[in-house]
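Notes follow the structure.
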Amino acid sequence: MDSKIYLNEYRNTIRSNNILKLTLFVLLAVIVVEGFFIVYTMNTQRTIVIPNVSGKYVISNSSANENYIRQMSYYIVNLMENFTPSTVKANYSEFLNYVSPDVYGSMQSSIMANAENYIATDTSSYFVPKSFKMTNNTVVITGIKRDIVGQQVVSENAVKITIEYSINQGKFEVNSYVETKNKNY
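Following this line, the structure appears as structure tokens:
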């Protein structure tokens, strides 16, 4: 009789061990799969903190919705066109954070030379946007720009600002920033 009880307990122990082994194997497989997804997510998704953007927007690895592009474009134009002699270098440095690495060197040297010129001549600038147009990675913003030397407005011109941009790994990058006087004033 004792041998039957012993054999039943032995079989129950074997079954319990097999169930524990199966559970351990399933948990190990789940942990490996979860680790793979964590690594994949870390390499493909980024959290980007963007200044002064409100409303709904969608950003993927290489594209973004119109609301995001519009607000980032206005932010970029604000950095480049609205300044005083005491803020021009800080604005331009902030703008350079959004410049594509491919054109950073050439843009940085010309922009900072302009900043030195504005500081030396005590020039401020104020831009009022009037219209916005977006086509294939290009944004055109038109408006009125006022240049102020000291306390005197020395010029008021209609300008057209053309920004060529790209979305690289979810980040807005400026490839070209061109300001031209607009004849339609």
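In my numbering, the protein residues as written are 48 to 232.
Note that CB positions come from ideal geometry on N, CA and C, so glycine has one too.
Only a predicted model underlies this, so the values are computations on that prediction, with no experimental measurement involved.
First and last residue of the beta strand (DSSP E) that includes residue i?
i      : result
ASN204 : 199-215
VAL224 : Here residue 224 is Tyr; the residue named in the question, Val, does not match the sequence. Here the beta strand (DSSP E) through TYR224 covers 218-228.
ILE106 : Per DSSP, ILE106 belongs to no beta strand (DSSP E) and is neither H nor E.
SER171 : 170-182
VAL187 : 185-196
How would you write the range of the alpha helix (DSSP H) that residue i sits in, first residue to last?
i      : result
PHE130 : Here PHE130 belongs to no alpha helix (DSSP H), and DSSP marks it neither H nor E.
ASN161 : 151-167
Quick one: what's got a C-beta closer than 7 Å to residue i's C-beta in the same chain, skipping five residues either side?
i      : result
LYS207 : VAL187, THR189, THR227, ASN229
VAL221 : ILE123, TYR145, VAL146, SER147, ILE210, TYR212
ASN65  : none
TYR121 : PRO176
ASN129 : SER172, TYR173, PHE174
GLU203 : ILE191, ARG193
Smallest Cα separation from residue i: which of the options?
i      : options                        : result
LYS218 : TYR121, SER147, ASN129         : SER147
ASP194 : SER172, THR185, ILE210         : SER172
ILE123 : TYR139, ILE166, THR70          : TYR139
GLN199 : LEU74, ASP149, ASP169, SER110  : ASP169
LEU143 : VAL105, MET154, SER133, THR134 : MET154
VAL175 : ASN183, TYR165, LYS192         : LYS192
ASP149 : VAL201, SER223, SER157         : SER223
ASN164 : GLY152, TYR151, THR131         : THR131
ILE214 : LYS68, GLU56, PHE83, ASN183    : ASN183
VAL225 : GLY197, ALA76, SER157          : SER157
Determine, using beta carbons only, whether residue i and residue j come nearer to each other than 8 Å.
i      : j      : result
GLU113 : MET159 : no
LYS136 : ALA167 : no
GLN216 : ASN59  : no
PHE179 : ARG117 : yes
Determine whether the Cβ of residue i lies closer than 8 Å to any Cβ atom of chain D.
i      : result
TYR151 : This model lacks chain D altogether, as it is built from one protein chain only.
In its own chain, which residues sit with a C-beta less than 6 Å from the C-beta of residue i, not counting the 5 before and 5 after it?
i      : result
MET119 : PHE219
MET127 : PHE142
TYR232 : Note that TYR232 has pLDDT 48, beneath the 50 cutoff, so the model's placement of it is unreliable and no number is given.
Quick check on DSSP: helix, strand or coil for residue i?
i      : result
THR70  : helix
SER120 : helix
VAL79  : helix
VAL140 : Per the sequence shown, the amino acid found at residue 140 is Ser instead of Val. SER140: helix per DSSP, three-state reduction.
TYR232 : Any answer about TYR232 is weak, because its pLDDT of 48 lies below 50 and its placement is not dependable; what the coordinates show is given next. Coil, per DSSP.
Below 8 Å CB to CB, which residues in the same chain sit around residue i once its five sequence neighbours on both sides are set aside?
i      : result
THR185 : THR209, ILE210, GLU211, TYR212
VAL105 : ALA111, ASN112, TYR115
SER133 : none
GLU81  : none
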